[in-house]
Amino acid sequence: MENIFLDIGVLVILAALGALLATFLRQPLIPLYLLVGILIGPVLGLVTNQEVIITFSEIGIALLLFVVGLRIDLGKLKSVAKIAVVGGIVKVGVLALLGFLLANFLDFAYPATIYLGLAVAFGSTMVALKILSDRQELNSLHGRIVIGFLLVEDILAVLALTVLSTLGSFEVTGLLLALVKGIGLLLAVVLASRFVFPWLFRYASKFEELMFILALGFCFGFAWLSYSLGLSIAIGAFFVGVGLANLPYRLAIAGKVRVLRDFFAVIFFVTLGMQIAISDLDLVWKALVIFTLFVIIVNPLTTALITSIFGYKRRTTFMAVVFLIPTSEFALIIVTEGMQRGDIGSNVFALVVMLAVLTITYMSYLVRFDWQIYKVAKWPLKIFESFSREHIERVEIKDGKKKGKQVVLCGVDRLGHKILKALSSMRESILVVDLNPELIEKMARKKIPAIYGDINDPEIFHKTEPKNTKLIISTVPDKHDNLLLLEQTKSYRRSMVVCVTASQARDALELYKHGADYVIVPKHLGGEHVAFLLKKSGNRFGKFKQTKKEHLRELREIMRK
0 MENIFLDIGV
10 LVILAALGAL
20 LATFLRQPLI
30 PLYLLVGILI
40 GPVLGLVTNQ
50 EVIITFSEIG
60 IALLLFVVGL
70 RIDLGKLKSV
80 AKIAVVGGIV
90 KVGVLALLGF
100 LLANFLDFAY
110 PATIYLGLAV
120 AFGSTMVALK
130 ILSDRQELNS
140 LHGRIVIGFL
150 LVEDILAVLA
160 LTVLSTLGSF
170 EVTGLLLALV
180 KGIGLLLAVV
190 LASRFVFPWL
200 FRYASKFEEL
210 MFILALGFCF
220 GFAWLSYSLG
230 LSIAIGAFFV
240 GVGLANLPYR
250 LAIAGKVRVL
260 RDFFAVIFFV
270 TLGMQIAISD
280 LDLVWKALVI
290 FTLFVIIVNP
300 LTTALITSIF
310 GYKRRTTFMA
320 VVFLIPTSEF
330 ALIIVTEGMQ
340 RGDIGSNVFA
350 LVVMLAVLTI
360 TYMSYLVRFD
370 WQIYKVAKWP
380 LKIFESFSRE
390 HIERVEIKDG
400 KKKGKQVVLC
410 GVDRLGHKIL
420 KALSSMRESI
430 LVVDLNPELI
440 EKMARKKIPA
450 IYGDINDPEI
460 FHKTEPKNTK
470 LIISTVPDKH
480 DNLLLLEQTK
490 SYRRSMVVCV
500 TASQARDALE
510 LYKHGADYVI
520 VPKHLGGEHV
530 AFLLKKSGNR
540 FGKFKQTKKE
550 HLRELREIMR
560 K
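Position one of the sequence shown corresponds to residue 0 (numbering that gives the first Met the number 0), numbered consecutively onward.
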């Protein structure tokens, strides 16, 4: 027991020092955690009880997926179901086949070729969802696409684990049994979310500590059930998180679990670095270089082609590509079980672990400098738009009947919905520009002029007919996108009125400095609106009940749309 405490103590202290150094140097945290793992594991051998630490890291994966499940809006995921299912299956199939052929070319023996093919086929749910959550992009368009892809990939990874466990004597019944178990687990969560969770958490919500421990109990309970069925504990934790997502207390639960999640997530990344066997790297370094190039070149090209074929523009494609690069934690589980069964040697295990370390580090820096990289990559990415089967149909849906100066609204989801409604009531001539194909289709059904694309694309900007535009409103909170929009519009005509959106006060000040006529800061406006309601109530706070009814009606209208 004392050794376990000391091992965790060393891990946490050095991880904290690494995080402090990374923050001071303004670098991503994940590479420093991986470096700490390499240092305390294979280099200095400071941690002796690695099995317990690895178990803790698995808890981190489960807690992360539980919190992500809590934050997922299934209604929004439905809009990307087609690309998630079809695209996810195609991506895994293509990369697994190419990875298998590459392993054969590098003279790896069977069945190591199969393990390596699968290792490069799956993206990292743990890393992608953690960064999406930290950046508050889980419900963004590219966030939903990434989550959809990863869910499909995780299901395929569980099936792959089942197939590999019977590699010597594969039977279809084993695969069908795994499917039945997964469906049974999902059905259990659905029933619990319908008949158990609502009334149980309604009572528990009166006691904060009870609600917290109850949520953790369900997380670990379904993780244990998933493990008992021969599935990953992460699958059970994710399912129950999604099952709790419809409760009004989901954000409170997520907030309380987040601290635990972050702690165990740090252990996961440090543990990943600890698993590198330095002695085996001499045997596989050439293969490591080749497979790393495969993951950072072939994987993005495959993803970019798939997203483009489904009609998504290059900005969305680029962000989806970035988050789907890292090698999956499921790849580590697959090769761990393969080594335990004697299917592969320690050299293959070391190759996959190091591949995960390198690709996770690479992705961390891509995300850190995504805007700068996108500015370089956006022109080559335009090539992929030519593969889009819906490119021509979705580029432009405009109404030629409307005359006079127009208002261009960039982004109609969430914040933009209210603005669109107000402009319509004012009988303004409106042109919507959005990167979400589903929203463009909705505009077409409502006979609202719309262009599918990114207004910062010069071609799309000129299609908006800027000479006929009196006002541009951007509801996209990305600072770099808005800076580029300001540069483009003000260089075209300085008198054009441009309203943009910022998440933070310092970003708003920078946007004003670069010529914004008004900056929407949602949190600030939210406070102003509450202050307005308080003054309007005239100390008769019962009026809030009437305001509640109006708000509920508006929210339901948004959900229907």
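For every residue, glycine included, the Cβ atom is placed at its ideal position computed from N, Cα and C.
Residue nearest to A515 within the set V529, N298, D480 and I459 is D480 (criterion: CA-CA distance). Where K446 is concerned, there is no enclosing alpha helix (DSSP H), because DSSP gives it neither an H nor an E. Annotation: G452 to K381 spans about 12 angstroms, alpha carbon to alpha carbon. The three-state secondary structure of K404, taken from DSSP, is coil. Its chain contains G36, I52, I53 and S56 as the residues whose beta carbon lies nearer than 7 angstroms to that of T270, once the 5 sequence neighbours on both sides are disregarded; these appear in chain order.
The Cβ atoms of I60 and A330 do not sit closer than 8 angstroms to each other.
Secondary structure of S428 (DSSP, three-state): strand. According to the DSSP assignment, Y361 belongs to the alpha helix (DSSP H) that extends over S345 to R367. Judged by their CB atoms, E152 and G87 are nearer to each other than the 8 angstroms cut-off.
Annotation: the continuous alpha helix (DSSP H) that includes I37 extends over L28 to I37. In the pairwise beta carbon analysis, the stretch 287 to 303 is classified as touching the stretch 350 to 368: at least three pairs are separated by under 8 angstroms. For K469, the enclosing beta strand (DSSP E) has its first and last residue at T468 to S473.
The bridge partners DSSP lists for T500 are I519. Residue environment for L19: exposed (fewer than 16 other C-beta atoms within 10 angstroms of its C-beta). When rounded, the separation of the alpha-carbon atoms in V351 and P325 is 11 angstroms. By the C-beta criterion, the stretch 529 to 536 is judged not to be in contact with the stretch 498 to 514, since fewer than 3 inter-stretch pairs fall below 8 angstroms.
In the DSSP secondary-structure assignment, T326 is bridged to G122. Using a 10 angstroms sphere on the CB of H141, the tally of other CB atoms reaches 16 or more, which defines it as buried. Secondary structure remark: continuous alpha helix (DSSP H) runs of at least 4 residues inside the stretch 50 to 108, in chain order: 73 to 76 and 87 to 104. Looking at E440, A504, K462 and V347, the one whose alpha-carbon comes closest to that of F107 is V347.
Scanning its chain for C-beta atoms nearer than 6 angstroms, with the 5 sequence neighbours on each side dropped, one finds around I266 the residues F55, S56 and G59, in chain order. The three-state secondary structure of D433, taken from DSSP, is strand. Apart from the 5 residues on each side of it in sequence, T335 sits with its Cβ closer than 8 angstroms to the Cβ of F348 in its chain, given in chain order. Residue state for Y373 is assigned as helix, using DSSP reduced to three classes. Under the criterion of beta carbons closer than 8 angstroms, I39 and M273 qualify as touching, at roughly 7 angstroms.
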